[in-house]
Structures are given as C-alpha cells and as structure tokens.
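Numbering (this note's numbering), first residue to last: 1 to 342.
Worksheet: one structure, shown below.
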Ligand code: P6P
C-alpha cells in the first residue's frame, strides 16, 4: 500500500528544524529561505539561457580575469539582493566582486551571519547547456552586532562554518545544504515553485568508482597524484574497479554525483598554478563542509581544507574531495612521495 509521506518544502523543513531549538532566533532558517528564493529566480533565467540574449559576454572582465557572462552578473545580484533585504546577513563576499560587501544598514548591522558565494560556478558551460551551480558558505560573525561587519568575519577557517550549500541547475534543480546536524537535498517542484525535501540525511558512500580530474594537466601534477590517477585506471574487480572517469568541467555537478554515488574529485596544483584554480572561501570550504558532514574528506593535498586560515577573499587552493576510503588511498600516495623527497 502506498503510504502518502508528507513532502516537506524547504521552508517547512527549516521551520521544523527551528522548532527543535526553541532558543534559536530563526535567522539561519530565514537566511536559507532567502537563498532558496534567489535560487528560484536564477533558475528561471538559467532555464531560458538558450532563448534570450541573456547569454554572451557582458563585455566586462571580472577579478578572475574571465569574461563575465550576463547570467553570472544576474545571479550575483539576485543572491546579494536577497541577503541584503533579508534579516540575517550583515555582508557578503562573491566571486564576481573585487572585495567584500558590507551592507551597513541598521537591520544588517544587527544580523548574525555573513555569507560567501560563487553565484554561478561553471558558467563557461552555459552556452553548451551543461549543468552549472551556485555555492555558498555561512559564518556567524565574530565582530560585535550593532556595528558593520568586518573582514575578519569573512576570513574565518572553514571549520567555523555554520552552514554551507549549493544549488545545481541540471536535469532538475536541487538545493543541497548542510549544517552540523546533517546534509539534506531539496528538488525544485516547478508545479508549486517550491524546493521539496527529496534527499534527506545524505551520506557519502565510503568508497565508489568515479574519479574526476582534468587529464589534460596530468603531466603537470605532482608524482603522488599521477600515481593515484594511474592506480584508478588499473582497478580490478576485486579492488572495486573498474573505475569510471567522469569530469564535466562543472565542479558542483561532479561533486554532487560523487556525494550521492561515491567518488573523488581532484583539482590539484600544477607546475604553472601550484595553488590550482579553485577558490578557498566560496568553492573549497563550503563543499568540504558538506562532504565532511556526509562522512567524506577534503584536503588541499597536505591539510584538511577546513583548517586552512584564509588570508584574502579570492585566494586559491588545490582541492581533493570525496569518499573517505578513496581519499585515504590518495593520501597514501601523496605521503609516500613526500617521504621520498625528504
Ligand atoms: P578546468 C569551472 O570554471 C570550474 O571552476 C569548476 O566548476 C570546474 O570543475 C573547473 O573549473 C574546470 O576547470 O581547468 O578543468 O577546465
């Protein structure tokens, strides 16, 4: 007999979580609903991307030195606007903006949190209709409430995150977020315009057979990474193989698949870019928080991503993230090569 399980919307879920903590102010729940609202607006434009001239370069070059596509700018403005006009956020940092934005109005100055986000990661894939994503990270501010937030509020190590999440604009649109209490996934139901709980209490499988890396840079990677990639290519059935190489050039999509199915995503440093390409504050930290709450691991090849003390908004970090046992096998190769160089 089919049991009609009540489908919880994101709003109902966050309020249900809130009711379990009577002393909670509701600001985090409100912030997550703000992010959900902005995500719905961005989703509408992403779904139309091929139809209107919202595509194409806005002509400007962002701080990353990349062509800015209009959808990046639109997404940035939607998330920044939703947070600025909410009751929970004192300021933001964004991949699209040169510096932190301190909202500095009476409500914002009394808000508890700051948010860092990449409004549209993988936007180079928009024109070819490959999944793209938004990534966000939430910190409790360390500066006193009642005054504008400060740089120190944003430059906290990832282990101080209160929540983190991503939205993936793919075959369906999903919002996945983690607090220390768990990782939950919500799928957008276009018929009611609500994110609905579809993936409760996500756990990352201890192992898997997907490995994600750009093979084009193989000979620029350090020896231990090369050896691990080669080992992935040689896995026998008894070793959980054969492995499948899946790398679609959109990290949110690759990490999301590996989170659900088991796997490892690698963006190592190279000879020309020793710190790799990915940004610590609004790409590596939030995904590392999510994967650890789900039982996986994330490092920069030497230390836990969440323990890195940030120095500035757009700093980069190598990233290795995924299933616990796959990460431990990689770490063994890295350690062997480190000792060999001592
Ligand atoms: P490469 C997209 O630009 C991105 O930041 C990630 O989403 C993606 O995994 C990576 O860069 C792809 O970079 O150098 O392999 O093309």
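For each residue, glycine too, the CB sits at the ideal point set by N, CA and C.
As the structure is a prediction and not an experimental result, all values here were calculated from the model.
Do residue 320 and residue 299 have their beta-carbon atoms positioned less than 8 angstroms apart in this structure?
yes
Can you give the Cα-Cα distance for residue 95 and residue 117, rounded to whole angstroms?
7 angstroms
Give every residue of the same chain whose Cβ lies closer than 6 angstroms to the Cβ of residue 212, excluding the five residues on either side of it in the sequence, and list them in chain order.
246, 247, 254, 265
Residue from 164, 176, 169, 110 whose Cα sits closest to the Cα of residue 145
When C-alpha distances from residue 145 are compared across 164, 176, 169, 110, the shortest belongs to 110.
Taking the straight line between their C-alpha atoms, what separation do you get for residue 124 and residue 251?
12 angstroms
Since residue 29 contacts residue 15 with CB under 8 angstroms, what's their CB separation in whole angstroms?
6 angstroms
Nonlocal neighbours in the same chain, by C-beta distance under 6 angstroms from residue 303, ignoring five residues either side:
none
Answer yes or no: the CB of residue 124 versus the heavy atoms of the ligand P6P, is any distance below 7 angstroms?
yes
Residue 318 to residue 44 span [Cα, whole Å]:
33 angstroms
Looking at the unbroken alpha helix (DSSP H) that takes in residue 87, where does it start and where does it end?
Membership of residue 87 in any alpha helix (DSSP H) is not indicated, and neither H nor E is assigned to it by DSSP.
For the beta strand (DSSP E) that residue 121 lies in, which residues bound it at each end?
113–121
Secondary structure of residue 334, DSSP reduced to three states:
helix
My output table needs one value for residue 17: the three-state DSSP class, helix, strand or coil.
helix
How about residue 266: is its Cβ closer than 7 angstroms to a heavy atom in the ligand P6P?
Outside the cutoff, so no.
Roughly how many angstroms lie between the CA atoms of residue 143 and residue 308, to the nearest whole one?
Straight-line Cα distance between these residues: approximately 20 angstroms.
Check residue 98 in the structure and name its three-state DSSP category.
coil
Whole-number beta carbon distance between residue 182 and residue 174, since they are thought to touch under 8 angstroms
Contact doesn't hold; Cβ gap of about 16 angstroms is too wide.
Where DSSP assigns a beta bridge to residue 297, which residues make up the other side?
322
Among 215, 238, 237, 288, which has the Cα closest to the Cα of residue 230?
Nearest of 215, 238, 237, 288 to residue 230, Cα basis: 215.
Can you list, in chain order, the residues of its chain whose CB lies under 6 angstroms from that of residue 315, leaving out five sequence neighbours each side?
280
If I follow the unbroken alpha helix (DSSP H) through residue 34, where does it start and stop?
Here the alpha helix (DSSP H) through residue 34 covers 27–48.
Nearest to residue 165 (by Cα), restricted to the options 13, 239, 286:
286
Give every residue of the same chain whose Cβ lies closer than 8 angstroms to the Cβ of residue 244, excluding the five residues on either side of it in the sequence, and list them in chain order.
Correct list, in chain order: 209, 210, 211.
Cβ of residue 37 within 7 angstroms of any heavy atom in the ligand P6P?
no
Taking 8 angstroms as the threshold (C-beta atoms), are residue 235 and residue 337 in contact?
no
If you drop the 5 nearest sequence neighbours on each side, which residues of the same chain put their C-beta closer than 6 angstroms to that of residue 293?
178, 183
Residues in the same chain with beta-carbon distance under 8 angstroms from residue 329, minus the five sequence neighbours each way, listed in chain order, please.
228, 231
With H, G and I counted as helix, E and B as strand and the rest as coil, what does DSSP make of residue 199?
strand
Are the CB atoms of residue 313 and residue 158 nearer to each other than 8 angstroms?
no
Going along the chain, which residues of its own chain have a beta-carbon closer than 8 angstroms to the beta-carbon of residue 54, five neighbours each way excluded?
Its pLDDT being 47, under 50, residue 54 is placed unreliably by the model, and the measurement read from it follows with that caveat. Within the same chain, residue 54 has close Cβ partners 45, 48, 70, 71, 74.
Should residue 128 and residue 90 be called a contact, given that it needs their Cβ atoms to be closer than 8 angstroms?
No Cβ-Cβ contact shorter than 8 angstroms links residue 128 with residue 90.
Quick check on residue 315: does DSSP put it in helix, strand or coil?
coil
Once the 5 residues before and after residue 270 are set aside, which same chain residues still bring their CB inside 6 angstroms of it?
217, 220
Take the Cβ of residue 134 as the centre, count every other Cβ of all protein chains shown within 10 Å, and call the residue buried at 16 or more, exposed below.
buried
Candidates 139, 326, 163, of which the one nearest residue 152 by Cα
139
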